[in-house]
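Right, one structure below, let's go through it.
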Amino acid sequence: SSPFENNGAFNKKFIAIKDLTENLIEFGGGKYYFPFKCKTWGCKSKEFTPILKYNEETNKKEFADWQIIRLQEVWDGYGEAATLPMTIDCELRDELVETVKPGDFVSVTGKLEVLEIPGDPGTDKRDFLDAASKVAPHTVFTPTNQANSFPLMPLLHHDKRSGDLILEAGSFALSNTGICRIDDFEKITQPNALAEAMSRQTIS
1 SSPFENNGAF NKKFIAIKDL TENLIEFGGG KYYFPFKCKT WGCKSKEFTP ILKYNEETNK
61 KEFADWQIIR LQEVWDGYGE AATLPMTIDC ELRDELVETV KPGDFVSVTG KLEVLEIPGD
121 PGTDKRDFLD AASKVAPHTV FTPTNQANSF PLMPLLHHDK RSGDLILEAG SFALSNTGIC
181 RIDDFEKITQ PNALAEAMSR QTIS
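Using full-length UniProt numbering, read the sequence shown as starting at 1 and increasing by one per residue.
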């Protein structure tokens with residue numbers, strides 16, 4: 001197992017540079033360090049090379065470079081500037097170790113694991129929509145099952161009082177750079193327009 005996956009004790013071998021003798025050292029806590037001196041009598045070597053064993057079953061090395069960095073969000077002009085920025089720890093391995101330094105602006109991609117919490121079938125979707133609204137700069141909620149709900153796409157209609165033509169932007173346009181929360185997704189009457197907005201990021 002890798003040192004960052006094993007919190008118990010493990011043994012590690014090093015080769016002394018001068019006489020090429022092996023030194024077997026026991027470590028704990030899932031981390032190892034280079035020995036200060038060789039265990040072989042008469043050897044004065046102070047430089048060592050770790051022996052990296054290769055696991056053919058997992059196709060991985062038993063040991064690898066490992067680093068934890070802490071990412072902090074950058075204020076983009078939305079919301080309150082005085083709030084405490086959110087942080088998340090990120091684990092770097094192998095060639096990514098020591099590629100960034102404090103203060104660098106980085107983009108990180110990875111797998112986000114989401115655990116669905118079982119509950120009332122009628123409220124689960126609404127709970128997800130409410131949670132999404134808390135992480136987006138701004139959101140627009142559109143209940144498609146209501147007759148007076150705000151339209152998804154731009155809509156041109158006559159004003160009842162003045163008779164003038166009025167162009168309403170629609171939920172998609174108003175939620176630009178944010179999240180458009182749509183309740184009762186299966187009841188949308190404009191599936192083609194929805195497909196264009198999701199695939200091309202355009203509204204026509």
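Heads up, the beta-carbon is just placed ideally off N, CA and C, and yes, glycines get one too.
Sequence-distant partners of G170 (beyond 5 residues in either direction) whose C-beta falls short of 7 angstroms from its own C-beta, in its chain, are P151, L152, M153, P154, L155.
In terms of Cα proximity to R70, the closest of K44, E98, D94 is E98. Following the DSSP letters along the chain, one finds E91 inside the beta strand (DSSP E) bounded by residues 87-93. Along the UniProt domain "MCM C-terminal AAA(+) ATPase" (119-204), the beta strand (DSSP E) occurs as fully enclosed runs of 3 or more residues at 139-143, 155-158, 165-168, 179-183, listed in sequence order. A straight line joining the alpha-carbon of S107 with that of A173 spans about 26 angstroms. In this structure, the straight-line span from the alpha carbon of D94 to that of L194 is close to 42 angstroms. Looking at the DSSP output, W41 shares a beta bridge with no other residue.
If you check the CB distance, T142 and D183 come in under 9 angstroms.
In the DSSP assignment, L96 falls outside any beta strand (DSSP E) and carries neither an H nor an E. C38 and S45 have their C-alpha atoms some 6 angstroms from each other. The beta carbons of A136 and I179 sit closer together than 9 angstroms.
DSSP places W75 in the coil class of the three-state scheme, outside both helix and strand.
A Cβ-Cβ separation of about 6 angstroms places R181 in contact with A132 under the 8 angstroms criterion. In the same chain as L165, and ignoring 5 residues on each side of it, the C-beta atoms closer than 7 angstroms to its own belong to L156, H158, in chain order. Ranked by Cα distance from Q201, the first of P191, F185, N176, P35 is N176. Our two residues, T49 and F34, have alpha carbons roughly 8 angstroms apart in a direct line.
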